[in-house]
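Enquirer: Residue numbers (this note's numbering): 2 to 338.
Where is the CB? At the ideal position from N, CA and C, for every residue including glycine.
Please read these numbers as outputs of a predicted model, since none were measured by experiment.
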């Protein structure tokens with residue numbers, strides 16, 4: 002048996018309770034034991050993927066330590082499901098399409114890849130994570146609020162809804178801060194906040210497609226709930242400031258029908274400020290401009306409203322990280338305390 006460090010190693014499970022993983026190669030040269038699960042794998046393959054593991058495997062072993070089918074037992078103080086995910090990625094080519102990788106395996110690769118510096122796997126997962134979650138304002142607008150068919154929007158919602166809880170948890174755990182602002186925003190977009198607590202994704206979590214349950218860490222729940230309230234209160238009046246008569250935006254100086262646009266502006270004010278559900282959704286998901294916001298206005302007033310809205314949207318995006326307790330965009334670092 003091989004010990005990583007005395008301070009982090011627990012005793013081996015009783016032989017009768019040990020479970021043999023499906024990841025078991027008859028020609029494997031080493032047995033990994035994680036919790037009560039054993040994996041028989043190839044020392045050379047794992048060493049190729051991680052210099053840290055390679056170094057650990059070279060430590061001389063006491064002669065009287067137990068063996069399994071002639072293989073040394075290496076014990077790790079991790080979760081068996083994490084090693085199953087990492088080893089599945091290393092050995093099973095069908096999982097190399099990361100967008101189709103089970104989210105639990107994706108998280109496992111990030112966690113163990115960072116801990117044991119499994120560089121190739123970690124780099125691929127980080128690139129995929131940033132592509133899908135570290136988004137600019139223009140990409141956010143084009144991706145999550147496009148004028149597309151409902152079917153396309155549903156596919157996008159299904160993909161992100163399945164992953165956003167796990168991504169938020171692992172990103173906070175490992176301090177992958179570059180993805181956190183838009184990951185939190187995706188949480189507000191796709192996780193329901195229902196009146197009935199039992200139907201509330203943020204509070205109670207949601208069931209994954211495989212039947213397992215995803216649950217946000219308590220600190221993340223609190224961050225989302227606080228952000229939702231502050232964003233609704235602050236962003237809504239900024240985005241729709243042009244509707245207020247005191248700003249003198251509508252009617253604009255080039256208005257084609259001042260009296261009609263004044264009346265339409267008043268109607269829009271009633272809609273956007275009276276039906277708070279509409280404006281809260283727009284504010285808390287940072288939806289981009291839509292011409293329906295200016296329904297009834299002339300072409301020139303619509304353009305003026307659009308300019309004012311977009312300017313506010315960009316200012317809000319610049320300050321977005323602060324609403325989740327994060328530094329400015331330029332100061333967001335990964336894997337840093």
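Could you check whether the Cβ of residue 82 sits closer than 9 Å to any Cβ belonging to chain D?
Expert: Going by chain labels, chain D is absent from the structure shown, which holds only one protein chain.
Enquirer: Residue 210 to residue 152, Cα distance in whole Å?
Expert: On the chain shown, residue 210 is found 209 positions in, with the first residue counted as 1. On the chain shown, residue 152 is found 151 positions in, with the first residue counted as 1. Roughly 19 Å between the two C-alpha positions.
Enquirer: In terms of alpha-carbon separation, which member of 41, 134, 267 and 320 lies closest to residue 235?
Expert: Locating residue 235 in the chain shown gives position 234, where the first residue counts as 1. For the residues 41, 134, 267 and 320, the minimum Cα distance to residue 235 belongs to 320.
Enquirer: Between the beta-carbon of residue 292 and the beta-carbon of residue 303, is there less than 9 Å?
Expert: Along the chain shown, read from residue 1 onward, the residue named residue 292 stands at position 291. Along the chain shown, read from residue 1 onward, the residue named residue 303 stands at position 302. Contact: yes.
Enquirer: Decide if residue 214 is buried, meaning its Cβ has at least 16 other Cβ atoms within 10 Å, or exposed.
Expert: Here residue 214 refers to the residue found at position 213 of the chain shown. That one is exposed.
Enquirer: Apart from the five residues on each side of it in sequence, which residues of its chain come closer than 7 Å, Cβ to Cβ, to residue 255?
Expert: Here residue 255 refers to the residue found at position 254 of the chain shown. Excluding sequence neighbours, residue 255 sits near 301.
Enquirer: Between 27, 237 and 334, which lies nearest to residue 289 when the distance is taken from Cα to Cα?
Expert: Residue mapping note: residue 289 aligns to position 288 of the chain shown, counting from 1. Nearest of 27, 237 and 334 to residue 289, Cα basis: 237.
Enquirer: Start and end of the alpha helix (DSSP H) containing residue 22?
Expert: If you number the chain shown from 1, residue 22 lands on position 21. From DSSP, residue 22 is part of no alpha helix (DSSP H) but of the beta strand (DSSP E) over 20–25.
Enquirer: Give the list of continuous alpha helix (DSSP H) stretches no shorter than 4 residues that lie fully inside the region 149–188.
Expert: 151–175
Enquirer: In the region 72–111, which residue ranges form an unbroken alpha helix (DSSP H) of at least 4 residues, counting only runs that do not cross its ends?
Expert: 81–92
Enquirer: In three-state terms, what does DSSP make of residue 193?
Expert: In the chain shown, the residue the question calls residue 193 occupies position 192. Residue 193: coil per DSSP, three-state reduction.
Enquirer: Can you tell me the Cα-Cα spacing of residue 322 and residue 314, whole angstroms?
Expert: The sequence position of residue 322 within the chain shown is 321, counting from 1. The sequence position of residue 314 within the chain shown is 313, counting from 1. The straight-line gap from Cα to Cα measures roughly 14 Å.
Enquirer: Roughly how many whole angstroms lie between the Cα atoms of residue 105 and residue 111?
Expert: Position 104 of the chain shown, counted from the start, is the residue given in the question as residue 105. Position 110 of the chain shown, counted from the start, is the residue given in the question as residue 111. Rounded to whole angstroms, the gap between the alpha carbons of residue 105 and residue 111 is 10 Å.
Enquirer: Suppose you measure from the CA of residue 196 to the CA of residue 243; what does that come to, to the nearest Å?
Expert: Position 195 of the chain shown, counting from 1, holds the residue named residue 196. Position 242 of the chain shown, counting from 1, holds the residue named residue 243. Because the pLDDT of residue 196 is 47, which lies under 50, any placement of that residue in the model is unreliable, and the question is left without a value.
Enquirer: For residue 247, which of helix, strand or coil comes out of DSSP?
Expert: Here residue 247 refers to the residue found at position 246 of the chain shown. Three-state result, residue 247: helix.
Enquirer: Can you tell me whether residue 305 is helix, strand or coil according to DSSP?
Expert: Numbered from 1 along the chain shown, position 304 holds the residue referred to as residue 305. The answer is helix: DSSP assigns residue 305 an H, G or I state.
Enquirer: Please classify residue 84: is it buried, with 16 or more other beta-carbons within 10 angstroms of its beta-carbon, or exposed?
Expert: Working through the chain shown from its first residue, we reach residue 84 at position 83. Using a 10 angstroms sphere on the CB of residue 84, the tally of other CB atoms reaches 16 or more, which defines it as buried.
Enquirer: Pop quiz: residue 203 and residue 192 are said to be a contact at Cβ under 8 Å. What is the actual Cβ separation, rounded to whole angstroms?
Expert: As a first step, residue 203 is located in the chain shown; it is residue number 202 there, counting from the start. As a first step, residue 192 is located in the chain shown; it is residue number 191 there, counting from the start. Correct: roughly 5 Å between the Cβ atoms.
Enquirer: Please report the straight-line C-alpha distance between residue 136 and residue 18, rounded to a whole angstrom.
Expert: For the purposes of this step, residue 136 is taken as residue 135 along the chain shown, with counting starting at 1. For the purposes of this step, residue 18 is taken as residue 17 along the chain shown, with counting starting at 1. Taking the straight line from one Cα to the other gives about 46 Å.
Enquirer: Measuring only the C-alpha atoms, how far is residue 224 from residue 34?
Expert: Locating residue 224 in the chain shown gives position 223, counting from the first residue. Locating residue 34 in the chain shown gives position 33, counting from the first residue. So the two alpha carbons sit approximately 37 Å from each other.
Enquirer: Looking only at C-alpha atoms, which of 60, 99 and 38 sits nearest to residue 77?
Expert: Position 76 of the chain shown, counting from 1, holds the residue named residue 77. Comparing Cα-Cα distances from residue 77 to each of 60, 99 and 38, the minimum goes to 38.
Enquirer: Runs of 4 residues minimum, wholly inside the region 219–264: which ones carry the alpha helix (DSSP H) assignment?
Expert: 219–240
Enquirer: Please report the residue range of the beta strand (DSSP E) in which residue 38 lies.
Expert: As a position in the chain shown, residue 38 is number 37, starting the count at 1. 38–42 is the span of the beta strand (DSSP E), which, as asked, contains residue 38.
Enquirer: Is it the case that the Cβ atoms of residue 130 and residue 89 are separated by a distance below 9 Å?
Expert: Sequence index remark: in the chain shown, residue 130 carries index 129 (1-based). Sequence index remark: in the chain shown, residue 89 carries index 88 (1-based). Their beta carbons are not under 9 Å apart, which means residue 130 does not touch residue 89 by this criterion.
Enquirer: Among the residues of its own chain, which have a CB less than 8 Å from the CB of residue 342, if the five just before and after it don't count?
Expert: Any property of residue 342 remains undetermined from this structure, which presents the chain solely from 2 to 338.
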